[in-house]
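Here the protein sequences come in this chain order: A and B.
One rule links them: number in the working numbering = place in the first sequence (from 1) + 22.
One rule links them: number in the working numbering = place in the second sequence (from 1) + 4.
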Amino acid sequence: MQDETRAENVIMLDVEQVSKDFGGVKALSEATCSIREGEIVCLIGPNGSGKTTLFNIITGFLKPDCGKIVFRGSDLLTLPPHHISKIGISRTFQNLRLIRRLSVLDNVLLAFDQQIGEHLSNLFMRTQASLQMEQRNRDEAFSLLEQVELAEKAHNAAEDLSYGQQKLLSIACCLATRADLLLFDEPIAGVSPYLTDRILSLIRDLPAEGKSVIMIEHNLDAAAPICDRMIFMDSGRIVSEGTPEAVRNNAQVIKAYIQ
Amino acid sequence: MDYFYHILVVVCIYAVLANSLNLLTGYTGLLSLAHAAFFGIGAYSAGLLALNAHMPFFVCILCAMVVAGILGLMVGLPSLRVRDDYLAITTFAFQILAFGCLNNWVSLTGGPQGLNGIPRPAIFGIVIASNAQFLVLTACVCSFTYWVVARIVRSPFGRVLKAIREDEIFAQSLGKNVAKYKLTVFVISSCLAALIGAVYAFYIVSIDPTGFTVMESIFIVSILIIGGAGSLWGPFVGAVVLVVLPEVLRQVGLPEALAANSRQILYGILLVTFMMWRPQGLFGEYKLGSSSREGK
């Protein structure tokens, strides 16, 4: 028990004084926050408050104007996006990126890291090893798909899934990267109530596997029960952070959400 | 009979060209208009080595592939920044440059006269000279290319290529080094084009720059579009249709002057028809110029 609490207090991701300007519009100004190991944090705030910008900066798709981001000792700002994914940060996208014309199974298989068959020389020299690894990955992909109740659709094209199922698939892809920090951009927006429960319970169980989660969500009632902390952003600033109850009772939050 | 073999050799050559372009355009979504340039670079490299250095056949071919591979890497660099129409334009520029070099660097390439009297190749002591022998050789190269491309596209490597074709950002977010994949594919595709280019030089003995113009590049793209980009058999079907059809027109008795012109008209009609009603080609799974980024 002692060990567990200590592990939870270790800082995993440290965002320090990060700012980003888009031609005079301050998308982020001096945002500072940190995420601990095994924690679920919900990022809330009105549209245009800089939540997705922060995701894009953490995952390397945008470079900030100034500031510092450290993930388990590595400085993220010098790394390209694919490298950031390799060291253990994976994300979903608000506008749902998937390889629509490939099968559901292929989408998950794509996400596995360190595949022997992804190196050209191995295709011709280490054929057997590559095939064996592919088979192992297929088994693992199927068990992931079972977790998200998509195993039956494994051979359908990703574009044939419903919107909610596509969101589940993108989460499955994220998990397949074996990343320890998962960034979900509005995982339950526009999803049916049944799948919403499914997605939330999936996220809730992630810390038990040693993973941390940052999720952007507008549906506070749905997100509050599963998250440890909430961070409220407005106009590129982190205005308030703390337990879900504390943040939801903050005057500025109430003002922003009632307007 | 010799004429019949010749047609088949030409079909094989274009099938290899379309197949190697398919890896780049059909599977990775990088439209290149410089494929004839790599075909030409292969032909000239092999021809020059055979004529001036009297190198054996296999050495000539290997060197041709290395030269084209290095240039392919250079042409691939812009693809890291631009794609679709813009990439087509940058590769188009390389095609024009390559033709300019072949046509004007007289001391090396012989200028418009080209290279003449390239010796017949010998493989394990057997001199390849007749059309039938060349058919066997080109068919081997054709099968080899098919094997390489099939091996690649059915592997995890190929899966990443398709992901890059559909959504680069998603591929990056899953930890794929997109730049590395694009450059690798540019190099392989150029090497394969140079391989068949080298064989072509030995086959027709005399080469000159007119065989490697931008029209030739467009012709290769047409084969791919009509056969079907992103399918393994598409390039073969496309090559058969576009190479044999004009020959049939000639056989049915159209006068030579008319047949030559009608060929251009035919390509035009075929291309427009396919673009309107079957953009994925006869066998393809990928519509050129479209991607899942549409509608976002």
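All C-beta atoms in this analysis are idealised placements derived from N, C-alpha and C, irrespective of residue type, glycine included.
Item to complete: Check C282/A in the structure and name its three-state DSSP category.
Response: Outside the modelled stretch of chain A, which goes from 23 to 281, sits residue 282/A, for which no answer is possible.
Discussion item. How far does the alpha helix (DSSP H) with G104/B in it extend, from its first residue to its last?
Written reply: 89-108
Worksheet item: In whole angstroms, what is the alpha-carbon distance linking G232/A and L172/A?
Response: 24 Å
Discussion item. Output needed for H240/A: all residues of its chain with C-beta closer than 8 Å, excluding positions within five of it in sequence on either side, in chain order.
Written reply: I66, E208, A211
Worksheet item: Measuring CA to CA, which of Q150/A, F164/A, L191/A is closest to S159/B?
Response: Q150/A
Item to complete: Would you tell me roughly how many angstroms separate the C-alpha atoms of G264/A and K180/B, rounded to the nearest one?
Response: 36 Å
Item to complete: Report yes if the C-beta distance between S195/A and V130/A is below 8 Å; otherwise report no.
Response: The sequence shown places Cys at residue 195/A, rather than the Ser named in the question. Going by C-beta atoms, C195/A is nearer than 8 Å to V130/A.
Worksheet entry | 7 Å Cβ shell around V32/A - same chain, five flanking residues per side excluded | R58, E59
Item to complete: Report yes or no: do three or more beta-carbon pairs, one from the segment 20-36 of chain B and one from the segment 143-155 of chain B, lie closer than 8 Å?
Response: yes
Worksheet item: In chain C, which residues lie with their C-beta within 7 Å of the C-beta of D128/A?
Response: Absence of chain C from the displayed structure is noted, the protein chains being A and B.
Worksheet item: Which residues, taken in chain order from the segment 160-194 of chain B, show a beta carbon closer than 8 Å to some beta carbon of chain A?
Response: P160, F161, R163, V164, K166, A167, E170, D171, I173, F174, A175, Q176, S177, L178, G179, K180, N181, V182, T188, I192
Worksheet item: Are any of the Cβ atoms in chain B nearer than 8 Å to that of K189/A?
Response: no
Worksheet item: From which residue to which residue does the alpha helix (DSSP H) around S41/A run?
Response: Run containing S41/A: none in the alpha helix (DSSP H); it sits in the beta strand (DSSP E), 33-44.
Worksheet item: Shortest alpha-carbon distance to V71/B belongs to which of Y48/B, V13/B, P60/B?
Response: Y48/B
Item to complete: For V131/B, name the three-state secondary structure that DSSP assigns.
Response: strand
Worksheet item: Would you call M147/A buried or exposed, if buried means 16 or more other Cβ atoms sit within 10 Å of its Cβ?
Response: exposed
Worksheet entry | Exposure of Y204/B, with buried meaning 16 or more beta-carbon neighbours within 10 Å | buried
Worksheet item: Would you call D182/A buried or exposed, if buried means 16 or more other Cβ atoms sit within 10 Å of its Cβ?
Response: exposed
Discussion item. Suppose you measure from the CA of S152/A to the CA of N144/A; what does that come to, to the nearest Å?
Written reply: 7 Å
Item to complete: Examine chain B for any beta-carbon lying closer than 8 Å to the beta-carbon of D135/A, and answer yes or no.
Response: yes
Fill in: Those runs of the alpha helix (DSSP H) which lie wholly inside the segment 148-221 of chain B and span at least 4 residues
160-170, 172-177, 182-208
Discussion item. Based on DSSP bridge pairs, tell me the residues matched to F126/B.
Written reply: One detail in the question is off: residue 126/B reads as Ala in this sequence, not Phe. The partner list for A126/B (beta bridge, DSSP) reads V131/B.
Discussion item. Tell me which residues of the segment 46-80 of chain A have at least one Cβ-Cβ distance to chain B shorter than 7 Å, keeping chain order.
Written reply: none
Worksheet item: Given that F3/A touches chain B, what residues does it touch there, using C-beta distances under 7 Å?
Response: The shown model of chain A, from 23 to 281, leaves out residue 3/A, and the question about it has no answer.
Practice prompt. Can you give me the start and stop residues for the beta strand (DSSP E) that S112/A sits inside?
Written response: 111-113
Worksheet entry | Residues near L166/A in its chain [Cβ-Cβ closer than 7 Å; skip 5 each side] | V130, A194, L197, A198
Item to complete: Give a yes or no on whether the minimum CB-CB distance between I156/B and chain A is below 8 Å.
Response: yes
Worksheet item: Less than 8 Å separating the beta-carbons of F43/B and G76/B?
Response: no
Worksheet item: Between which two residues does the alpha helix (DSSP H) carrying G238/B extend?
Response: 238-255
Worksheet item: Can you find a CB in chain B that lies within less than 8 Å of the CB of R94/A?
Response: no
Worksheet item: Any idea if Q255/B is buried or exposed, counting beta-carbon neighbours within 10 angstroms, 16 or more meaning buried?
Response: exposed
Discussion item. Quick check: V164/B and E140/A, are their CB atoms within less than 8 Å of each other?
Written reply: yes
Worksheet item: Is there a Cβ from chain B that is less than 8 Å from the Cβ of R122/A?
Response: yes
Discussion item. Let's test the definition: count the other Cβ atoms within 10 Å of the Cβ of M69/B and tell me whether it reaches 16, buried, or not, exposed.
Written reply: buried
Discussion item. Just to confirm the assignment, what range does the alpha helix (DSSP H) spanning F146/A have?
Written reply: 142-147
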